[in-house]
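In what follows, a structure is listed as structure tokens, so that the remarks can point back to it.
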Amino acid sequence: MWARDMDKMDLIVLSFGHWFLDIPSIYYEGDSVIGCFRCQEFKFNYSDIGFYIPMRKALRTTLNSIIERKMVKGNKIDVIVRTYSPTHFEGGWDKGGTCSKREPYGNEEKKLEGMDAKIRSVEIEEVENARAKAKQFGLNLEVLDITKLALLRPDGHAGAYMNPFPFANGVPKYVQNDCVHWCLPGPIDTWNEILLEMMKKKSGSSRR
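This is the structure in structure tokens:
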């Protein structure tokens, strides 16, 4: 739907990730089912292909669609892909996991690894693969790489306050925590400052 207005855009920022991880899904390519995720929750006999393959395909499809549309229309555009921002649940997100830390991790205290590192790698690889083709048509693809920066900020989430007054009627036995969204000052502000610098750098380059 947003692609219909692409000719009016100077800059597109792509940001995605978490919704691929938690939702039982059946994946289609064209009219054919290529697999599913969390297949045990379906009664269909499909192969569980996880979420890395569909995530990669989604980003590749999006970037290729932008490039192909610009091949026809011709006007230039900048595209920035913001990398994955890790969660900070201490315990399962659906089993009472919390994110109660009030200070950032030290630089060497937390390592980027496992799923977080893999998702970031997928995103960067797809941007690199699309970049050469994009430049032929005046598109500039960049990466706003905030993954490690975000990993070090467990203090920026809403925590128990994903709902306004969780303790208004005393302390309940179970409080749902939000350790995904960044609702406190700090992390998001930093991402925006980096994004602004990227935009200013590109603008200055264009003027020269």
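Going letter by letter, the sequence shown gives residues 1 to 208 in full-length UniProt numbering. We treat Cβ as the ideally placed atom computed from N, Cα and C, and that holds for glycine.
Q. Considering only the beta carbon of each residue, do phenylalanine 89 and cysteine 179 sit closer than 8 Å?
A. Mapped onto the sequence shown, residue 89 falls at position 89. Mapped onto the sequence shown, residue 179 falls at position 179. Yes. Within cutoff.
Q: From the DSSP output, in three-state form, read off arginine 102 for me.
A: Locating residue 102 in the sequence shown gives position 102, counting from the first residue. Note: arginine 102 maps to coil in three-state DSSP.
Q | Range covered by the beta strand (DSSP E) that runs through tryptophan 182 | A | The sequence position of residue 182 within the sequence shown is 182, counting from 1. Run containing tryptophan 182: 178-182, per the beta strand (DSSP E) assignment.
Q | Three-state secondary structure assigned by DSSP to glycine 114 | A | Indexing the sequence shown from 1 puts residue 114 at position 114. Reduced to three states, the DSSP call for glycine 114 is helix.
Q | Reduced DSSP category for valine 175 - H, G, I as helix; E, B as strand; rest coil | A | As a position in the sequence shown, residue 175 is number 175, starting the count at 1. Coil at valine 175, not helix or strand.
Q) With C-beta atoms as the reference, is leucine 144 less than 8 Å away from lysine 70? A) Indexing the sequence shown from 1 puts residue 144 at position 144. Indexing the sequence shown from 1 puts residue 70 at position 70. The answer is no: Cβ separation not under 8 Å.
Q) If you drop the 5 nearest sequence neighbours on each side, which residues of the same chain put their C-beta closer than 7 Å to that of arginine 56? A) Translated into the one-based positions of the sequence shown, residue 56 becomes position 56. Answer for arginine 56: Val122, Glu126, listed in chain order.
**Q.** leucine 149 in three-state terms, based on DSSP
**A.** Within the sequence shown, the letter at position 149 stands for residue 149. Reduced to three states, the DSSP call for leucine 149 is helix.
Q | Between the CA atoms of lysine 43 and isoleucine 23 - distance to the nearest angstrom | A | In the sequence shown, counting from the first residue as 1, residue 23 sits at position 23. In the sequence shown, counting from the first residue as 1, residue 43 sits at position 43. Taking the straight line joining both Cα atoms gives about 16 Å.
(Q) Could you check whether cysteine 36 and glycine 28 sit closer than 8 Å to each other, using their CB atoms as the reference points? (A) On the sequence shown, position 28 is the one that residue 28 refers to. On the sequence shown, position 36 is the one that residue 36 refers to. According to the sequence as given, residue 28 is tyrosine; it is not glycine. Taking 8 Å as the Cβ cut-off, tyrosine 28 and cysteine 36 do not qualify as a contacting pair.
Q: Quick one: give me the first and last residue of the alpha helix (DSSP H) that aspartate 22 is part of.
A: Numbered from its first residue, the sequence shown carries residue 22 at position 22. Note, aspartate 22: alpha helix (DSSP H), 19-22.
Q) If you follow the beta strand (DSSP E) that serine 25 is part of, which residue opens it and which one closes it? A) By 1-based counting over the sequence shown, the position of residue 25 is 25. First-last of the beta strand (DSSP E) with serine 25: 25-29.
Q. Cα separation between glutamate 128 and glutamate 193?
A. Taking the first residue of the sequence shown as position 1, residue 128 is located at position 128. Taking the first residue of the sequence shown as position 1, residue 193 is located at position 193. Between glutamate 128 and glutamate 193, the C-alpha separation is close to 23 Å.
**Q.** Outcome for lysine 201 when other beta-carbon atoms lying within 10 angstroms are tallied against a minimum of 16
**A.** By one-based count along the sequence shown, residue 201 stands at place 201. By the 10 Å Cβ count, lysine 201 comes out exposed.
Q | Which residues DSSP lists as bridging glutamate 90, in chain order | A | Position 90 of the sequence shown, counted from the start, is the residue given in the question as residue 90. Looking at the DSSP assignment, glutamate 90 forms a beta bridge with Thr98.
Q.
Considering only DSSP beta bridges, list what serine 15 is partnered with.
A. As a position in the sequence shown, residue 15 is number 15, starting the count at 1. For serine 15, which the question treats as bridged, DSSP gives the partners Arg82.
Q) Does DSSP put arginine 32 in a helix, in a strand, or in coil? A) Here residue 32 refers to the residue found at position 32 of the sequence shown. Sequence inspection shows serine at residue 32; the arginine mentioned does not correspond to that position. Correct three-state label for serine 32: strand.
Q: Please name the residue, chosen from Cys99, Val79, Lys76, Ile80, that lies closest to proline 86 on a Cα-to-Cα basis.
A: Here residue 86 is taken as the residue at index 86 of the sequence shown, counted from 1. Cα-wise, what sits closest to proline 86 is Cys99.
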